[in-house]
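Following: one structure in structure tokens, then a few remarks.
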Amino acid sequence: MGLFDGVKKENDEAQVLLERHEKKELNDTDFLKAFRGVVLYYTTPVGDHKDGGMRLFAIPGPDNTGYMPLFLSEEDMRNYYDQAGRVGYMIMNASFLLIIEAAAQANSGDAPVKLGLMIDPLKYKVTLDVPMIEPVIRLLTE
40 MGLFDGVKKE
50 NDEAQVLLER
60 HEKKELNDTD
70 FLKAFRGVVL
80 YYTTPVGDHK
90 DGGMRLFAIP
100 GPDNTGYMPL
110 FLSEEDMRNY
120 YDQAGRVGYM
130 IMNASFLLII
140 EAAAQANSGD
150 APVKLGLMID
160 PLKYKVTLDV
170 PMIEPVIRLL
180 TE
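In the numbering used here, the protein residues as written are 40 to 181.
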């Protein structure tokens with residue numbers, strides 16, 4: 040067994056969960072519970088653009104909010120940020136629950152833009168809006 044075999048298997052399972060959710064075979068609650076431990080890839084929301092400037096790389100949302108993109112693989116993440124013109128970013132990964140908890144913590148401060156989350160912005164576009172973050176944390180930690 041290779042070092043990354045478990046991650047590949049988990050991401051295959053994540054894709055199945057996303058497909059089932061998209062087909063309405065899983066309701067939102069069951070999807071979130073099943074997705075809780077899935078390892079996703081992400082980076083900081085602010086970073087360098089190829090034009091030399093710094094930008095917020097959040098997907099615009101309503102009422103001064105944005106969505107931080109989350110990816111099933113490093114390759115998907117690279118493709119997305121290449122299209123967006125982002126350069127020099129760090130690739131991180133964590134479980135879905137840990138990412139949600141980090142978003143809640145970041146949103147509790149005086150950030151000018153509150154961040155929700157978007158899983159797989161190139162295909163599935165599953166969103167977790169800012170007001171839903173705290174209730175979802177409670178659901179997933181019961």
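Glycine included, C-beta positions come from ideal geometry on N, C-alpha and C.
Predicted model, so just to flag it, every value in this text is computed and none were measured.
task = Verify whether the separation of the beta carbon atoms of I176 and E140 is less than 8 Å.
result = yes
query = Is the number of C-beta pairs between the stretch 68–76 and the stretch 112–132 that are closer than 8 Å three or more?
reply = no
Beta-ladder partner(s) of V165, from DSSP = I158
inquiry  = Am I right that L111 and N50 are in contact with their C-beta atoms under 8 Å? What's the rounded C-beta distance?
reply    = 5 Å
request  = Keeping to the same chain, check which residues put their C-beta closer than 8 Å to that of M93; ignore five residues upstream and five downstream.
outcome  = V85, G86, D87
query = Apart from the five residues on each side of it in sequence, which residues of its chain come closer than 8 Å, Cβ to Cβ, to T104?
reply = V152, K153, L154, G155, D168, V169
task = List the endpoints of the continuous beta strand (DSSP E) containing M93.
result = 93–95
inquiry  = My assumption, with CB atoms under 8 Å, is that L57 sits in contact with Y163. Please give the rounded CB distance.
reply    = 5 Å
request  = Please confirm whether M157 and V165 have their CB atoms less than 8 Å apart.
outcome  = yes
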